[in-house]
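In my numbering, the protein residues as written are 63 to 303. Note that the Cβ used here is the ideal one computed from N, Cα and C, for glycine as well. Note that the structure is predicted; figures quoted are calculated from it, not measured. The next block holds one structure in the form of structure tokens; read it before the comments.
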Amino acid sequence: MVLNSTEQIIQANRTDEIYAAVICFTLSVFGIITNGAAVVVIITAKNLQNAFGYSCMSHAVGDLGVLIIFAIWIPLHLILTPETIPQFLQNKRLAYTIGQATIIFYYGAIYTHILIGLNRYIAIAKPFSYAVYFNEHKTMKWITLIWIISFIQSCIYQFDGCHYYFDRNAMLFLYSDAPCAQIISVYYDFYFNLAFVIFVVLLDIITFFKLKKMAKVIFNIVHNLLEIYCNYYDSLEWSIL
């Protein structure tokens with residue numbers, strides 16, 4: 063039997079959908095396992111029951127949320143055909159809510175990453191002030207604030223014309239074609255994320271040089287102490303002789 067051009071295109075698209083579903087599911091499950099293991103380690107390790115550990119936990123939860131959506135929602139829409147997919151999975155409001163949930167977890171992870179960067183910087187640059195900014199109680203407040211902001215920020219995606227959803231044909235999460243969504247995608251998403259990336263990179267660079275400077279100071283202190291010890295030992299040896 064010879065397939066016509068339309069049938070060949072449909073068959074090729076169907077193959078691409080299955081490949082994409084398998085790849086997405088496999089990578090997502092791998093990420094769920096690694097992030098889940100990180101959560102277990104943080105919960106069970108007593109030395110991680112601190113500001114840094116709680117921040118890492120928040121970051122892992124954000125990653126897990128996105129990965130679980132990618133492991134379930136996307137493969138379901140790619141493997142099931144439009145004829146066999148359950149009606150409730152085709153509900154637009156549900157699709158928009160899943161997109162909103164993705165945004166919540168994504169920005170929760172992003173903001174927590176910034177918190178971890180600040181935690182690292184304060185620990186290196188201002189160790190004596192660390193407890194003022196990052197004791198356990200304040201860190202939990204920071205994390206709570208992060209997730210509240212992430213939720214509030216995501217609410218705009220429920221407004222008409224501002225949606226973020228998974229598109230089966232494109233096999234991607236897309237923004238609506240309306241002006242609201244297009245403005246969000248450029249200014250609220252791209253430039254906003256770009257600013258955060260630049261901030262984190264600069265913060266990490268500053269932290270690196272602070273750490274390098276601190277290492278040099280420690281090396282000089284150790285070197286001076288060794289010189290004092292050697293001079294003392296030599297003088298003691300000469301006095302005995």
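C-alpha distance - residue i paired with residue j, whole-angstrom precision
i, j, result
"F258", "L265", "10 Å"
"S238", "Q162", "13 Å"
"Y195", "R76", "53 Å"
"E79", "I136", "10 Å"
"N112", "N255", "28 Å"
"Y294", "F114", "For Y294, the predicted structure reports a pLDDT of 48, less than 50, and the residue's modelled location is therefore unreliable. A value from the coordinates is still provided. Each residue's Cα considered, the two are about 42 Å apart."
"L110", "E198", "11 Å"
For residue i, the residue or residues it bridges with in DSSP
i, result
"L156", "None; L156 has no bridge partner."
"L234", "D229"
Under 9 Å between C-beta atoms of residue i and residue j
i, j, result
"S120", "I211", "no"
"T201", "S117", "yes"
"L151", "L138", "yes"
"A240", "D251", "no"
"K274", "A187", "no"
"I131", "T164", "yes"
"N153", "D125", "no"
"C224", "A243", "yes"
"A122", "S90", "no"
"M233", "A99", "no"
"Y226", "F235", "yes"
"F230", "P148", "Before going on, a small fix: residue 230 reads as Arg here, not Phe. Going by C-beta atoms, R230 is not nearer than 9 Å to P148."
"G170", "G127", "yes"
"I260", "Y183", "no"
Endpoints, the alpha helix (DSSP H) within which residue i is located
i, result
"P47", "Here the chain comprises residues numbered 63 to 303, so residue 47 is not present and cannot be evaluated."
"F213", "E198 to S216"
#### Entry: 4 or more residues per run - each alpha helix (DSSP H) lying fully within the segment 100 to 148
113 to 141
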